[in-house]
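If you use numbering that gives the first Met the number 0, the sequence shown corresponds to residues 0 to 633, in order.
Glycine is no exception: its CB is placed at the ideal position from the N, C-alpha and C atoms.
Here the structure is a predicted model, which is why all the values come from computation and not from measurement.
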Amino acid sequence: MGYSDIYREWQTDPEAFWMKAAEDIHWYKKPSKALFDENAPVYEWFSDGLTNTCYNAVDRHVEAGRGGQLAIMHESPITHSTKGLTYRELRDRVASLAGALKMRGVEKGDRVIIYMPMIPEALEAMLACARIGAVHSVVFGGFAAHELAVRIDDAKPTAIIAASCGLEPNRVVHYKPLLDEAIEQAEHKPDFCVIFQREQEVAKLVEGRDFSWHGFQYGVKPADCVPVEGNHPAYILYTSGTTGQPKGVVRTTGGHLVALQWTMKNIYNVGPGERFWAASDVGWVVGHSYICYGPLIAGAETLVFEGKPIGTPHAGVFWKIIQNHRVKSFFTAPTALRAIKREDPKGEWIKRYKLHDLQALFLAGERADPDTIKWAQEHLNVPVIDHWWQTETGWAIAANPIGVETLPVKIGSPSVAMPGYDVHILDEGGHEVPDGTMGAIAIKLPLPPGTLQTLWNAEERYRKSYLEHFPGYYETGDAGYKDEDGYLYIMARTDDVINVAGHRLSTGAMEEVLAAHPDVAECAVIGVHDDLKGQLPFGFLCLNSGSDRKPEDVIAECVYQVRDQIGPVAAFRHACIVDRLPKTRSGKILRATMQKIADSEEYKMPATIDDPAILDEITAALRDAGYAKVREPQ
0 MGYSDIYREW QTDPEAFWMK AAEDIHWYKK PSKALFDENA PVYEWFSDGL
50 TNTCYNAVDR HVEAGRGGQL AIMHESPITH STKGLTYREL RDRVASLAGA
100 LKMRGVEKGD RVIIYMPMIP EALEAMLACA RIGAVHSVVF GGFAAHELAV
150 RIDDAKPTAI IAASCGLEPN RVVHYKPLLD EAIEQAEHKP DFCVIFQREQ
200 EVAKLVEGRD FSWHGFQYGV KPADCVPVEG NHPAYILYTS GTTGQPKGVV
250 RTTGGHLVAL QWTMKNIYNV GPGERFWAAS DVGWVVGHSY ICYGPLIAGA
300 ETLVFEGKPI GTPHAGVFWK IIQNHRVKSF FTAPTALRAI KREDPKGEWI
350 KRYKLHDLQA LFLAGERADP DTIKWAQEHL NVPVIDHWWQ TETGWAIAAN
400 PIGVETLPVK IGSPSVAMPG YDVHILDEGG HEVPDGTMGA IAIKLPLPPG
450 TLQTLWNAEE RYRKSYLEHF PGYYETGDAG YKDEDGYLYI MARTDDVINV
500 AGHRLSTGAM EEVLAAHPDV AECAVIGVHD DLKGQLPFGF LCLNSGSDRK
550 PEDVIAECVY QVRDQIGPVA AFRHACIVDR LPKTRSGKIL RATMQKIADS
600 EEYKMPATID DPAILDEITA ALRDAGYAKV REPQ
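Written as structure tokens, this is what we have:
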């Protein structure tokens with residue numbers, strides 16, 4: 000069956016489609032049906048089935064005779080260490096930690112916050128929670144104390160599992176003082192904390208509250224897997240809300256298992272014993288779905304990487320790891336690829352390594368600009384698959400399902416909607432727009448299994464944030480269009496569509512043109528206030544490493560390119576050269592914050608910002624251009 004057949008099969012009988020997909024999962028008690036719609040528009044999947052995520056991700060592979068196969072491979076170019084864990088070793092370690100949590104009173108439904116770097120123990124902590132039916136909430140390691148405190152008060156964890164520190168290329172990030180400060184600030188206090196002590200920094204433990212990782216588990220009886228209902232929360236993952244108050248996305252167990260198993264086979268074409276690497280972090284949704292759960296549910300080997308795409312130690316570290324571990328499918332963010340391209344525009348580092356086993360490169364997290372895709376296609380000589388999804392959905396809304404068939408790649412498009420997603424392009428009034436016309440991207444309800452069921456303790460906020468604007472649809476918050484073949488084009492967040500003299504223009508389309516300039520490594524476009532036209536586009540350009548061009552020449556050429564390819568209607572006249580762009584730790588460019596700075600509005604320092612100092616550079620560049628008259632971060 001090809002993609003069209005499978006998508007049609009889902010459309011014709013979604014219930015049968017998902018019940019068939021559920022057969023690839025182990026159930027203690029099989030669900031009576033797939034979709035439970037009694038509380039529509041809040042839907043549930045496989046609610047009356049009984050299953051366990053940890054059993055599906057670990058134990059069943061051991062029982063199938065593959066206990067000696069590698070489950071996790073840890074690569075840390077920062078500590079110069081490589082370490083592998085087999086499925087049997089992983090099961091025993093997870094059962095031990097789960098037993099210790101249980102002995103200390105953690106029960107099914109209790110929350111546990113995990114605050115750890117990219118080490119195997121982070122995955123062990125996630126799986127140990129799943130083993131006993133506890134609901135984990137992973138908070139990105141090194142997150143500010145205040146932001147961690149907000150999440151403690153929202154999730155009200157029984158326990159917190161943390162590491163003593165995290166490691167950056169040139170510094171140690173002190174996790175434990177941040178954790179102590181967060182607990183001090185939070186109204187809710189956990190019963191206890193478990194601290195994994197790393198060699199690089201041994202943290203001071205608070206007597207009576209803190210336990211060392213190994214001491215905590217000493218002499219404890221390992222825990223068995225606890226069957227949980229299909230609608231039992233697997234985890235809470237916080238995503239920053241527009242109000243600054245984080246939104247706790249709730250993923251439930253049955254749908255999560257079914258969806259991830261389906262995607263590993265059909266989208267990534269990875270099965271038992273094969274090697275999959277998602278170069279992300281367990282603090283983000285990619286880390287949940289495709290570092291921890293997806294590969295292990297599929298019985299594959301997953302890579303856990305503690306490092307950066309450049310500087311640990313060089314711009315070839317990704318290709319070295321893909322060669323050494325014979326990675327079949329590799330998944331990273333466009334921002335990581337752009338960083339490598341900027342350091343290595345001619346692909347010299349790629350030529351040093353043999354990537355014989357690599358079948359495809361997958362990109363998600365930010366718009367993948369055509370120039371970066373072309374660079375990767377040319378130098379890697381494998382399909383470069385852009386796909387589009389969100390923290391809320393947990394897996395791809397649109398993708399090229401190479402496990403089914405490799406569809407023609409259209410550069411600039413994440414391809415086509417996956418089964419379960421009925422994607423529509425709507426105008427402000429909720430009416431479908433013609434092919435090729437930009438509008439708001441919305442998905443007809445119900446969303447498929449594995450997507451968010453609600454927000455933690457905030458169902459009304461869930462309805463208001465996602466379901467209210469377009470009744471009967473989930474509002475993605477993204478803008479774009481479909482072509483005549485059904486390929487989607489994601490052009491911007493709806494907030495990033497700017498209005499120039501009544502014309503709605505996509506900043507993403509302008510960024511595509513700018514990124515195609517041979518001297519431009521990375522760029523961003525924002526809308527700045529203009530008394531006459533409402534808004535005008537303003538560009539930020541980062542130049543390739545080694546470029547010796549005059550900034551004013553590059554800017555002039557970029558202005559000409561936008562005028563030539565988009566037209567005078569874009570009114571693109573202003574840009575500046577900067578060394579770097581402000582981003583979140585997951586690589587998203589903070590365009591909304593940059594726009595507030597340009598328009599001299601107050602703004603809240605984003606909790607997820609990678610390096611706050613970059614905003615000073617952006618502010619200085621905008622002031623030189625006549626914008627950003629005041630700067631008042633909250």
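The closest CA to that of P333, considering only P470, A161, E511, C224, is found on E511.
Looking at A278, P176, A491, G298, the one whose alpha-carbon comes closest to that of Q260 is G298. If the five residues before and after P369 are omitted, its C-beta is found closer than 8 Å to the C-beta atoms of I410, G411, E511, A514, A515, all from its own chain and listed in chain order. Taking each of S585, I235, G254 in turn and checking the Cα distance to K32, the smallest one comes out for G254. For D91 and Q68, the gap between their C-alpha atoms comes out near 14 Å. Across the set D23, E22, W17, the C-alpha of W17 shows the shortest separation from the C-alpha of L34. Minimum Cα-Cα distance from R325 among the listed residues F275, G165, P40, D609 corresponds to F275. Of the other Cβ atoms in all chains shown, fewer than 16 fall within 10 Å of the Cβ of R572; this residue is therefore exposed. Residue burial annotation: L531 is exposed, with fewer than 16 other C-beta atoms found within 10 angstroms of its C-beta.
Under the three-state reduction of DSSP output, W212 falls in the helix class.
Relative to L466, the option among K443, D477, G485 whose CA is nearest is K443. Listed in chain order, the non-local C-beta contacts of V257 below 6 Å within the same chain comprise A20, A21, I24, P448, local neighbours out to five positions each way being set aside. Comparing alpha-carbon positions, the option among Y420, P76, G566, V577 lying closest to I554 turns out to be V577. For the alpha helix (DSSP H) assignment, the uninterrupted runs of no fewer than 4 residues enclosed by the segment 334-359 are, from N- to C-terminal side, 347-350. In the structure shown, the three-state DSSP call for I118 is coil. Taking the Cα of Y27 as reference, the smallest distance to any Cα among A15, C53, E43 is reached at C53. If only uninterrupted alpha helix (DSSP H) runs of at least 4 residues are considered, those enclosed by the segment 482-568 are 506-514, 550-564. Rounded to whole angstroms, Q389 and A277 show a C-alpha spacing of 15 Å. Distance check between R460 and each of P567, G247, H502 places G247 closest, using alpha-carbon atoms only. As a beta-bridge residue in DSSP terms, W387 pairs with A397. Look at L379 here: in three-state DSSP terms it is helix. By alpha-carbon distance to W318, the top candidate from G566, P294, D343 is D343.
Where W283 is concerned, there is no enclosing beta strand (DSSP E), because DSSP gives it neither an H nor an E. Annotation: the continuous beta strand (DSSP E) that includes A162 extends over 158-162. Contact between G66 and T85 holds: CB atoms are separated by about 6 Å, below the 8 Å threshold.
The segment 429-443 makes no contact with the segment 33-50; the number of CB pairs closer than 8 Å stays below 3. Cβ-Cβ distances below 8 Å link N456 to D153, G247 in the same chain, with the five nearest sequence neighbours on each side left out; the list follows chain order. Judged by DSSP secondary structure, S136 falls outside any alpha helix (DSSP H) and instead within the beta strand (DSSP E) spanning 134-137.
Assignment of A314 by DSSP, reduced to helix, strand and coil, places it in the coil class. Within its own chain, the residues whose Cβ lies closer than 7 Å to the Cβ of Y420, once the five positions on either side in sequence are excluded, are I396, I442, P447, listed in chain order. For D615, the number of other beta carbons within 10 angstroms of its own is below 16, and it is reported as exposed.
Of the candidates E391, E431, G428, E391 places its Cα closest to the Cα of T453. When the Cα atoms are used, L360 and G207 turn out to be separated by approximately 48 Å. For K82, there is no enclosing alpha helix (DSSP H); the enclosing beta strand (DSSP E) has its first and last residue at 80-85. The bridge partners DSSP lists for A439 are L425, A478.
Cβ contact annotation for G471 (same chain, cutoff 7 Å, sequence separation greater than five): K443, L444, in chain order.
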